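Student: Letter 30 of the sequence shown, counting from 1, is numbered 31 in the numbering used here, and no numbers are missing. Even for Gly, the Cβ is constructed at its ideal location relative to N, Cα and C. Quick caveat: nothing in here was measured; it's all calculated off a predicted structure. Below: one structure in structure tokens.
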Amino acid sequence: MLIDLTNLGLECSEDWVPFPVTDMDLDYWATEEARNLTERYERDGKQADTARLKQSLKRAATDSRTRTPVGAFGWYLSGEHEVVAILEIDAILPDDTVPDVTLDWLAGCMRAGDFGEPDVRYVRLPLGEAVRIRENMAGERKWRFGARPVIRALTYGVRPPDTEGLLTMHVSWTEPVVDEPLEQIVDGIAGTLSL
């Protein structure tokens, strides 16, 4: 049986802002969500620039839509006007090119090798057997000259029992200062995935 995403769920803090993945008007959504973030930041005693938040939200959601995930979130920490991390949920289903989508297959695909071998661990989550892949890779140059940013990524591939295909949760960020706390947060979110 193929993975049924009808009742896909996960639990995360309010710092994770859900991005619209359908054809919703992004300008309207970003305006409303920026207001919500401004209220939360002020509640937390932090300054907020609603216009900057709106631009950041719209830019991050637009970028996420290019990958067509079934679910996406941006991690907005109080006081920060740019998204700190992006979380995307998707499913990889078997097809003619990959008739048997397995955890080993996913682990093999997720090896950019830009900064050595990724940290690959096979784990058990409440939803099923899983692979956890943590790696760093070179991002795209922002300018013609200059260094390429290091993209940090933590990916989970989960095979729910009695299904074909994998549910994936991919989180990416660029700030090394959040590596350890973010990995712990993502590990916790992975444990709440449900169908």
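Got a sec? Which residues, its chain only, sit under 6 Å from residue 139 by beta carbon, not counting five neighbours each side?
Tutor: 115, 149
Student: Do you know offhand how far residue 195's Cα is from residue 10's?
Tutor: 5 Å
Student: How would you label residue 132, buried or exposed, when you count the other beta carbons within 10 angstroms and need 16 or more for buried?
Tutor: buried
Student: State the beta-bridge partners of residue 137 as determined by DSSP.
Tutor: 153
Student: Please look up how many angstroms separate the CB atoms of residue 91 and residue 175, rounded, as I've assumed it's under 8 Å.
Tutor: Actually they do not touch by this definition, with Cβ atoms about 21 Å apart.
Student: Can you tell which of 145, 164, 58, 51 has its C-alpha closest to the C-alpha of residue 103?
Tutor: 164
Student: Any idea if residue 34 is buried or exposed, counting beta-carbon neighbours within 10 angstroms, 16 or more meaning buried?
Tutor: buried
Student: Does the pairing of the segment 118 to 130 with the segment 75 to 89 give three or more beta-carbon distances under 8 Å?
Tutor: no
Student: Curious, which full-length beta strand (DSSP E) runs of at least 3 residues does the segment 66 to 109 contain?
Tutor: 72 to 76, 86 to 93
Student: Please state the DSSP three-state secondary structure of residue 22.
Tutor: Coil, per DSSP.
Student: Spell out a yes or no on whether the segment 156 to 163 and the segment 81 to 88 are touching, meaning 3 or more CB-CB pairs, one atom from each, closer than 8 Å.
Tutor: As far as the Cβ criterion goes, the segment 156 to 163 does not touch the segment 81 to 88, which means the pair count is below three.
Student: Tell me the DSSP bridge mates of residue 160?
Tutor: 130
Student: Which first and last residues belong to the alpha helix (DSSP H) in which residue 187 is found?
Tutor: 180 to 191
Student: By a C-beta neighbour count over all protein chains shown, 10 Å radius and 16 as the cutoff for buried, is residue 57 buried or exposed?
Tutor: Buried, since its Cβ has 16 or more Cβ neighbours within 10 Å.
Student: Rounded to the nearest angstrom, what separates residue 110 and residue 161 at their Cα positions?
Tutor: So the two alpha carbons sit approximately 20 Å from each other.
Student: Starting from residue 38, trace the alpha helix (DSSP H) in both directions and tell me its first and last residue.
Tutor: The continuous alpha helix (DSSP H) containing residue 38 extends over residues 27 to 44.
Student: Residues in the same chain with beta-carbon distance under 7 Å from residue 108, minus the five sequence neighbours each way, listed in chain order, please.
Tutor: 121, 132, 134
Student: Which partner residues does residue 195 have in the DSSP bridge list?
Tutor: 10
Student: Roughly how many angstroms separate the alpha carbons of residue 93 and residue 22, rounded to a whole number?
Tutor: 17 Å
Student: Is the Cβ-Cβ distance between residue 172 and residue 151 less than 8 Å?
Tutor: no
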